[in-house]
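Line by line, the protein sequences give chains Y and H. Take 31 as the starting number for the first sequence in our numbering and just add one per residue. Take 31 as the starting number for the second sequence in our numbering and just add one per residue. Okay, structure first, notes after.
Protein chains: 2
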Amino acid sequence: MTADGDCINPELTTLSRTPLVAGVPLNLLNTEVMSNDRFYVRNHFPIPKVDAANWSLPVSGEVDTPLNISYQDLKELPRHEVLALLECAGNSRAGIQPPIEGLLWDHGGVGTAGWAGVSLCTVLERAGLRSTAKEVLIEGCDEGEERGASGKLNYAMSLPMEKALHPDTLLAYEMNGEPLPGEHGFPLRAVVPGWFGMTSVKWIKSIQVLDHAFVGYHQTSYYVFVPEGATGDRPNERVTSLRVKSLISHPVRGQYVTAGRVTIEGMAWSGNGPIDKVEISTDDGKSWQEAQISPSPSPYAWQPWKYTWEANSPGNYLVRSRATDLKGDTQPVQTLWNFRGFANNAIHVVPVIVQPMP
Amino acid sequence: MTADGDCINPELTTLSRTPLVAGVPLNLLNTEVMSNDRFYVRNHFPIPKVDAANWSLPVSGEVDTPLNISYQDLKELPRHEVLALLECAGNSRAGIQPPIEGLLWDHGGVGTAGWAGVSLCTVLERAGLRSTAKEVLIEGCDEGEERGASGKLNYAMSLPMEKALHPDTLLAYEMNGEPLPGEHGFPLRAVVPGWFGMTSVKWIKSIQVLDHAFVGYHQTSYYVFVPEGATGDRPNERVTSLRVKSLISHPVRGQYVTAGRVTIEGMAWSGNGPIDKVEISTDDGKSWQEAQISPSPSPYAWQPWKYTWEANSPGNYLVRSRATDLKGDTQPVQTLWNFRGFANNAIHVVPVIVQPMP
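Right under this line is the structure:
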């Protein structure tokens, strides 16, 4: 069998070949929209090969009219477009201390793309939601075994009604103007703007409206915050909303730059809409200066920022970036530890060497 | 050109192919002597191909009789054997926060091997040290460019006389009973027991006795402790002695184990001779229990240790190991931060999942 990772863009850093997990080197996080072949991949099982002609979307459960929508029919429903960032819940977990469980993402599990498809609420309205509807369960075609779970399972996640009915919660069939690539969920995936990527289920197999809270391995055992000393006798909080965060794409860790003006740049985003400010420190966090931020093209996209550093003294430096959103949330020095290192939005720190001018 | 890493044992984790840098997965750190093909590799430049028949060792500088010793003649000098651990100064740097410069070693840059050769002091005595002798400079055949240095340079390190004259400081031509493998320094390398690996210069090209302190890129700019906020206006302390340290080889990070008796095992060592105790904590560092330690076969080798954990309650755990040497030095929770993350001997912490018995 060929591994999923065999034809992945070699610019990406492959953390796992099957299931395919691959991140973007930080220096490539420098564009408002990430091209499809540079968009990070976080799969849980081998990529299912789905033939759109033989595929359809069943919508069942707490609805008046169960549906079964073909790929063609989906495309004829009202089109909705969203420019949205997705970030893996485990992004930036590599540096967490004490060490955590999970693939050691550095910071490359994030990207913004233009998504097009049908609002999930459009489909739910056509099916007719019953008043008993409590959650919407989205199941993927991808299946396999997971350590800590018994037998085969499909990847599946549910959304509370408020999130499911938001017009920007999408059933997407296009990514940056092209049909979804196989590794990104062809023929149809969810895109849940403002939440970590784990609910943006790929290769959708079915949608079920539930009258109860879903219990499933990925949702209630895996993508949860397990605190230190957890005894497992009560449920752990689910990972949902993105946190305010910034990353430095230039310079990169360990980069040598020449004394003089050095451009520090990167990206910032939040699960709560636009960024208010990005501050830069080059003196071990003693003082902070504001960077220039590009306006937000969408409430769900990242925003490029830039700062000119007068790096006149050669030496070893730590460059830090700290974003604050309009709600007032700001990046912490350290994230609250959890067993799988989810949702790490600690201030990004990059060691840089300033060399004398030749 | 073929990359150095092309024929490396695939069991190792390759951090760089040229220069070749490869570490051992932690689960393989479970043997008193590491086999040659599982011994970590930390090179700085491409591997020089040296023909022993055309090679000889010049010994010059502050000596009465400069020498030039052939490979055959070296083997006829009194043979000395040392079982010694080498550890890369950058080992375990990956988890350090704030992030550091350098290749992101996890913990696999360490190994113990049996080395045989000639004591450096034997050679120095034959040459006749002058009273002006202050340091012994060992230069390697490996050469290339380094960021932060200008032009081509050879790898080179000096030893103070006390270390150079210690009978266990070796010019080694054998590793575990075989001629040195190419990636480990054929035909001749230094082995400096008790110090980090960076002074155990490989592919020795020459030995010079100096009447002054050596200044060289690797010794005085690279393998030094650069503290946070260093301004570069005074020299930084050199990295030398190994620190007391333990690593857990089983279970590994993120391992699922079944409730009941779980064997926790690993290795411990110190630059200061034997280990006094290794303590294990499975309750977030609240309490510590002593592990059983195997006796030390050499003052320079690691010592295997083992502890039986009664893991009766399923859940998520952090397992910690903490070694203390006979001098009383013990592992800290966190190492003093330095720019390249050298000499990290923080307590090893491994997240483990205990599953119910089936």
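All C-beta atoms, glycine included, are put in the ideal place defined by N, C-alpha and C. Because the structure is a prediction, the values reported are computed rather than measured.
Among the options, the one whose alpha carbon lies nearest that of residue i
i              : options                           : result
W201 (chain H) : H:N184, H:V166 and H:L183         : One point to set straight first is that residue 201 (chain H) is Leu, not Trp, in the sequence displayed. It is H:V166 whose Cα lies nearest to the Cα of L201 (chain H).
D81 (chain Y)  : Y:Q102, Y:P388 and Y:V93          : Y:Q102
S65 (chain H)  : H:V51, H:R47 and H:L42            : H:L42
Y253 (chain H) : H:D241, H:N266 and H:A243         : H:N266
L277 (chain Y) : Y:G227, Y:W299, Y:G178 and Y:L366 : Y:W299
L240 (chain Y) : Y:V269, Y:E92 and Y:I77           : Y:E92
A331 (chain H) : H:Y286, H:L115, H:E106 and H:L56  : H:L115
G212 (chain H) : H:Y347, H:V349 and H:P78          : H:P78
W367 (chain Y) : Y:G139, Y:A83, Y:F255 and Y:V221  : Y:F255
G158 (chain Y) : Y:G141, Y:G53 and Y:L195          : Y:L195
P108 (chain Y) : Y:L56, Y:H137, Y:E62 and Y:R156   : Y:R156
S328 (chain H) : H:G144, H:G138 and H:V269         : H:G144
I383 (chain H) : H:G53, H:G178, H:T288 and H:D306  : H:T288
R177 (chain Y) : Y:H248, Y:V379, Y:V222 and Y:M297 : Y:H248
I323 (chain Y) : Y:P223, Y:S230 and Y:V308         : Y:V308
P325 (chain Y) : Y:D306, Y:M228 and Y:D314         : Y:D306
W135 (chain H) : H:W225, H:E204, H:A124 and H:R283 : H:A124
I310 (chain Y) : Y:V269, Y:R352 and Y:G181         : Y:R352
V274 (chain H) : H:E320, H:Y203, H:P129 and H:T360 : H:T360
L336 (chain H) : H:D314, H:S317, H:Y203 and H:M297 : Looking at the sequence itself, residue 336 (chain H) is Lys, so the reference to Leu does not match. Looking at the Cα atoms, H:M297 is the closest of the given residues.
Proximal residues to residue i (C-beta, below 6 Å), its chain only, five neighbours per side dropped
i              : result
N302 (chain H) : D355 and K357
V292 (chain Y) : W339 and A341
K232 (chain Y) : G170, G215 and R219
S236 (chain H) : P88 and E169
S90 (chain H)  : P96 and Q238
S380 (chain Y) : Reading off the sequence shown, one finds Val at residue 380 (chain Y), where the question assumed Ser. Taken in chain order, the residues that qualify are I278, R283 and V349.
Close Cβ partners of residue i (< 7 Å) along its chain, the five nearest in sequence each way excluded
i              : result
E131 (chain Y) : F369 and R370
R47 (chain H)  : A33, D34 and G35
E208 (chain H) : N66
L133 (chain H) : L45, S46, V51 and G120
F75 (chain Y)  : P49, D172, E173, G174 and Y185
G246 (chain Y) : A186
M31 (chain H)  : Per-residue confidence for M31 (chain H) stands at a pLDDT of 48, beneath the threshold of 50, marking its modelled position as unreliable; no derived number is given.
Y286 (chain H) : I383 and Q385
L393 (chain Y) : Because chain Y in this structure spans residues 31 to 388, residue 393 (chain Y) falls outside the shown range and cannot be described.
P257 (chain Y) : N368
Cβ neighbours of residue i in the same chain (closer than 8 Å, five flanking residues each side left out)
i              : result
P362 (chain Y) : N375, A376 and I377
H110 (chain H) : A146, G147, V148, S149, T152, P197, D198 and L200
Per-residue DSSP class, three states only, for residue i
i              : result
S300 (chain H) : coil
Q319 (chain Y) : strand
Q385 (chain Y) : strand
L50 (chain Y)  : coil
H378 (chain Y) : strand
S351 (chain H) : strand
Q361 (chain Y) : coil
G259 (chain H) : coil
T288 (chain H) : strand
T142 (chain H) : strand
T229 (chain Y) : helix
H242 (chain Y) : coil
D306 (chain H) : strand
E131 (chain Y) : coil
S122 (chain H) : coil
Y253 (chain H) : coil
H214 (chain Y) : helix
G35 (chain H)  : helix
H394 (chain H) : Here chain H has residues from 31 to 388 only, and residue 394 (chain H) is not among them.
A373 (chain Y) : coil
Start-end ranges of the alpha helix (DSSP H) lying completely within the region 147–199 of chain Y, minimum 4 residues:
The DSSP assignment places complete alpha helix (DSSP H) segments of no fewer than 4 residues inside the region 147–199 of chain Y at 150–157 and 191–194, in order along the chain.
The region 66–78 of chain Y in contact with the region 34–47 of chain H per 3-pair CB rule at 8 Å:
The region 66–78 of chain Y, when compared against the region 34–47 of chain H, does not touch it at the 8 Å Cβ threshold.
Do the region 186–195 of chain Y and the region 90–97 of chain Y touch if we need at least three Cβ pairs shorter than 8 Å?
With a cut-off of 8 Å, the region 90–97 of chain Y and the region 186–195 of chain Y do not count as touching, because too few Cβ pairs lie within range.
Identify every run of the alpha helix (DSSP H) within the region 42–118 of chain H, keeping only runs that are complete inside it and at least 4 residues long; order them along the chain.
Within the region 42–118 of chain H, the complete alpha helix (DSSP H) runs of at least 4 residues fall at 101–106.
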